[in-house]
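>
Numbering (my numbering), first residue to last: -1 to 109.
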């Protein structure tokens, strides 16, 4: 695992108990990505009854960048993992995210 701070993944989810299974799937995929790339991971709960789960990337004081939104579809951890990995790879080419550029090779190894 890389030791430098490269940003964090933020998971926004409802605090409604019936959505725990969905959070477990998305959270597990995000945790694997975060651990592999040296990213922090934070879960933020909101009071809404929305079943949508959002995953964002944030680096320092920069704006949050949406990576993934899980609406009402059936979730698969591998599909969520691949979607997160692919979005992080694309962001690694943007000059605004030099932390991701440093870990681009690690992102490619995850595939």
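Where is the CB? At the ideal position from N, CA and C, for every residue including glycine.
For residue 24, count neighbouring C-beta atoms within 10 Å of its own C-beta (all shown protein chains included) and say buried if the count is 16 or more, exposed if not.
It counts as buried.
> Over what stretch of residues does the beta strand (DSSP E) that includes residue 43 continue unbroken?
38 to 44
> Please determine, among 75, 102, 61 and 78, the residue with the shortest C-alpha to C-alpha distance to residue 88.
102
> Starting from residue 56, trace the alpha helix (DSSP H) in both directions and tell me its first and last residue.
No alpha helix (DSSP H) contains residue 56, which is instead part of the beta strand (DSSP E) from 51 to 56.
> Please identify the residue among 41, 74 and 51 whose C-alpha is closest to the C-alpha of residue 67.
51
> Residue 30 bridges to which residues according to DSSP?
Answer is none; residue 30 lacks a bridge partner.
> Residue 7 by DSSP, collapsed to three states: which one?
strand
> The beta strand (DSSP E) with residue 63 in it runs from where to where?
63 to 68
> In chain order, what residues of the same chain have a beta carbon less than 7 Å from the beta carbon of residue 0, not counting five sequence neighbours either side?
Because residue 0 carries a pLDDT of 41, less than 50, the predicted location of this residue cannot be relied on, and the following value inherits that uncertainty. Counting only Cβ-Cβ distances below 7 Å, and skipping sequence neighbours, we find 35, 36, 101 and 104.
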